[in-house]
Each structure stands twice: as structure tokens, then as C-alpha cells.
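Engineer: Input: one structure, supplied below.
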């Protein structure tokens, strides 16, 4: 059987499979099968060989050759005359075994006699290409003894495929190194108590730690189709601009913002490349984002009068707030306002929601009653010296209605 010419579509598919296998090693078997079919071979063989010792660290002859793979890597790799011939020559040269290994050689060579021929293989086309420092890869296509040697057309096709194999090997090496670097970085990320995440220009959440997950809801952050998004449109625009700037300039940046509870935050955006000095499209550029909070700074600057106007409290809520800041319990405030306790409690909840404080304790801790401007509140309701206050009963009468 002679080699059939391969059409352009078949070659394009094969080249695509060569490069796909670099990112997805699981496709290697499919690649070997397709290579053998395209070059009209019985099978294709891919193995990794230590340049200094000749030891084979990996061997794959495709489907149906599992035993041969184990035996080749364990016993026969260093004594393979094809690999020895290639080792003494530049990577661009292709071995045509029928030109160098005649029948007399095959009959007397242990590798051919005891390994290759018993597995139903005889003729080879083989070439090498660099795989990693100190390691080279060899791709060989083989035919059975009863078939003719490989024709010139098959030789030309392998020659055309060789640069693609070499480029795919380089991509695979970079991805392998990158995977190790990314794994180490993500493990470190998970251990940090500070909210952090790895993202990219598009804002995709590639990896985040538990601390970041905890602050998402308080900061009105969410994941939409895998992307980190701020609920507030202005913050989202600011976030997208910061990501684009860091990706474009490869320089660190920061973004300051205030969350719905009025806590001030700074997002530090740091460009991160798994491989220093590797800047082509193969590398997975990421951005490390570290969130830091300016704890307590915002609340400490608030004054009750300005807070009341900014939060748009009603007059009734302002009076309840004044009572709280004077240390009065809800029951006492209700009594002095001639209102029900439930009404006062509802007003307290409204105050917390409008001012952004999480609890009444936090509200009390943030302000001192001694700095309350008397003009901001109705002092007649809460002045302990007021005779009316002293004459009021501890509980409102059942006939008195709530005062709003």
C-alpha cells in the first residue's frame, strides 16, 4: 500500500489537533491516531527522552500498545537506534529508517529483533524537537514489516508538521510551569485573612479566598456569569476602568470607594504574571486585588446633626435618635414621646437602615451624647430636669395613642 495524498482540510485538522494537545494532554492519543491515519502509518509514537542519559520518561504509541509503552520506557528507550541517530543530528533532520537500517541491521539489532518487530512494526519516519531543558521529544510514525517504507510525500508532510510539534511543546512547557505557579499563588491566597481575589481584564473571578466571599454581600458585590460586579453602576464603571488601566499599563493601581454601610475601602490592583519575562498571549495574565478597609475612620468623623440631615431622618426619628444617644432605653423614649414601644423600635430600625449602622451598639459607640447640638433635637422631650418629664408615668396609659 502506498501513501495516499492528504487533502488540505485533513492537514488543517491535524495541525489544530497538534496545538490543542498542548493545552489538553488528554488529546494526545487522538493526535497520534490522526497522525498515523494522515501519513498512512500503522501507528504513531511520541516519547520524551533525557538528552544526557537517553532514559525515556514517557512513551505513547497510541491505542493497543500499552504493553509496548511500558516495555519501551523501562527497557528499550536508551538502546533505540532511531533515537541515537537523531541525537547526533540537528532537530531539523528527519530519519528515514530504510536509508540507514537495512535488513541485515534489523536482523542483528536487539531493539528491532526483540522489541519492534515482535510488536508488528518495522519502518519508521522519526524527528526530534526540544521539549524542556535537558529533554527532547521524538515523534515517529511506523509501518508493519509487510508494508513498503514511507514515501517522499509522507516525509514532506512530517517535515511540515515538525515546526507545529515544536511550537506546541513550547506552549505545553509554559502552561505546565504556569500551572505550578498559579497553584502556589492560589494556595497562598486561600490562607490570607485579607479579602483577595485573582481576576483579569474582564473582571472574571478566577480565584477568591473566604474573606472575600464574606464581604461580597456587605459591599453589594455579586458574581454575574463568573464576573465580579458592583451593584452600584458608578462603582462598576470605576471598577472596569481600574481593571483596564492595570491590564494596559501593567502598573499597580488602586480604587477607593464607600460601601452601603458607609465603610471606606481601597481595592489595590496589582498585575501578576505567573512567568516573569513571558509576555505573549499564551501566558495567563491575572490581576491580584487586595481589599483593605479604613476601619472606623468614616464613622468617627460624623456629627449627629449632619448625619441626621444626610440620612434624611424624619423629625420623629431624630428625636428617637437623640434619646438613644442620651442612653435612654426604648421604653423610656416611648414614654417620654407618648408613643408605643413598637413604634419606637420600628423607628430605631429605620434609623439604623438610613445611617448604615449594623446595630444599636455600633450607633451608640460612634457618637457621644455630650457633643449633641441642642438645636438639632427637641430638648423638651428628653430634658431630665423638665417637670413634665418627671410627672409622666413610666408606662403610657392604655388610652394614649402613639405620637408620630
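Residue numbers (my numbering): 4 to 407.
The beta-carbon is built from N, C-alpha and C at its ideal position, and this holds for glycine as well.
According to DSSP, which residues form a beta bridge with residue 50?
Structural biologist: According to DSSP, which records beta bridges pairwise, residue 50 is partnered with 62, 141.
Engineer: Rounding to the nearest angstrom, what Cα-Cα distance links residue 332 and residue 344 in this structure?
Structural biologist: The straight-line gap from Cα to Cα measures roughly 10 Å.
Engineer: Between the C-alpha atoms of residue 148 and residue 120, what's the straight-line distance to the nearest angstrom?
Structural biologist: Roughly 7 Å between the two C-alpha positions.
Engineer: Note the first and the last residue of the continuous beta strand (DSSP E) segment covering residue 274.
Structural biologist: Unbroken beta strand (DSSP E) run through residue 274: 267-275.
Engineer: Alpha carbon to alpha carbon, how far is residue 66 from residue 16? Give it in angstroms, no decimals.
Structural biologist: Those two C-alpha atoms are separated by around 20 Å.
Engineer: Taking only three categories from DSSP, how would you classify residue 27?
Structural biologist: DSSP places residue 27 in coil when its eight states are reduced to three.
Engineer: Taking all protein chains shown into account, do 16 or more other C-beta atoms lie within 10 angstroms of the C-beta of residue 179, making it buried, or fewer, making it exposed?
Structural biologist: So residue 179 ends up on the exposed side.
Engineer: May I ask you to list the residues that DSSP assigns as paired with residue 296?
Structural biologist: Note: residue 296 sits in a beta bridge opposite 268.
Engineer: Does residue 320 pass the burial test, meaning 16 or more other C-beta atoms within 10 Å, or should it be called exposed?
Structural biologist: Its Cβ being crowded by 16 or more others within 10 Å, residue 320 is buried.
Engineer: Please list, in chain order, all residues of the same chain as residue 76 whose beta carbon is under 6 Å from its beta carbon, the five residues on each side excluded.
Structural biologist: So the qualifying residues of the chain are 59, 62.
Engineer: Can you give me the C-alpha to C-alpha distance between residue 14 and residue 41, rounded to a whole angstrom?
Structural biologist: Cα to Cα, residue 14 sits roughly 8 Å from residue 41.
Engineer: Going by beta carbon distance, what residues of the same chain come within less than 7 Å of residue 171, once the five residues before and after it are set aside?
Structural biologist: Once the five neighbours on either side are set aside, the close Cβ partners of residue 171 are 21, 22, 24, 25.
Engineer: Check whether the stretch 159-174 touches the stretch 95-109, counting contact only when three or more Cβ pairs, one atom from each stretch, lie closer than 8 Å.
Structural biologist: Yes, the stretch 159-174 touches the stretch 95-109.
Engineer: Please report how far the alpha carbon of residue 384 lies from the alpha carbon of residue 296, in whole angstroms.
Structural biologist: Any reading at residue 384 needs caution, since the residue's pLDDT is 47, under 50, leaving its predicted position unreliable; the model's value is listed next. So the two alpha carbons sit approximately 38 Å from each other.
Engineer: Nearest by alpha-carbon distance to residue 196: which of 166, 216, 207 is it?
Structural biologist: Nearest C-alpha to residue 196: 216.
Engineer: Among the residues of its own chain, which have a CB less than 6 Å from the CB of residue 115, if the five just before and after it don't count?
Structural biologist: Hits under 6 Å: 109.
Engineer: CB-CB under 8 Å to residue 214, same chain, minus the five flanking residues each way: which ones, in chain order?
Structural biologist: For residue 214, where only same-chain residues beyond five positions count, the Cβ hits under 8 Å are 195, 196, 197, 198, 199.
Engineer: Once you ignore the five residues that flank residue 101 on each side, which residues in its own chain have a CB closer than 7 Å to its CB?
Structural biologist: If we look at residue 101 and ignore the five residues flanking it on each side, its Cβ neighbours are 126, 152.
Engineer: To the nearest angstrom, how far is the alpha carbon of residue 129 from that of residue 143?
Structural biologist: Rounded to whole angstroms, residue 129 to residue 143 spans 4 Å at the Cα level.
Engineer: Given a cut-off of 9 Å, decide if residue 90 and residue 137 are closer than it, judged by their beta-carbon atoms.
Structural biologist: Their beta carbons are not under 9 Å apart, which means residue 137 does not touch residue 90 by this criterion.
Engineer: Would you kindly work out how many angstroms separate the C-alpha atoms of residue 131 and residue 291, rounded to a whole number?
Structural biologist: One C-alpha to the other measures close to 39 Å.
Engineer: So the beta strand (DSSP E) residue 45 belongs to, where does it begin and stop?
Structural biologist: No beta strand (DSSP E) holds residue 45; DSSP gives it neither H nor E.
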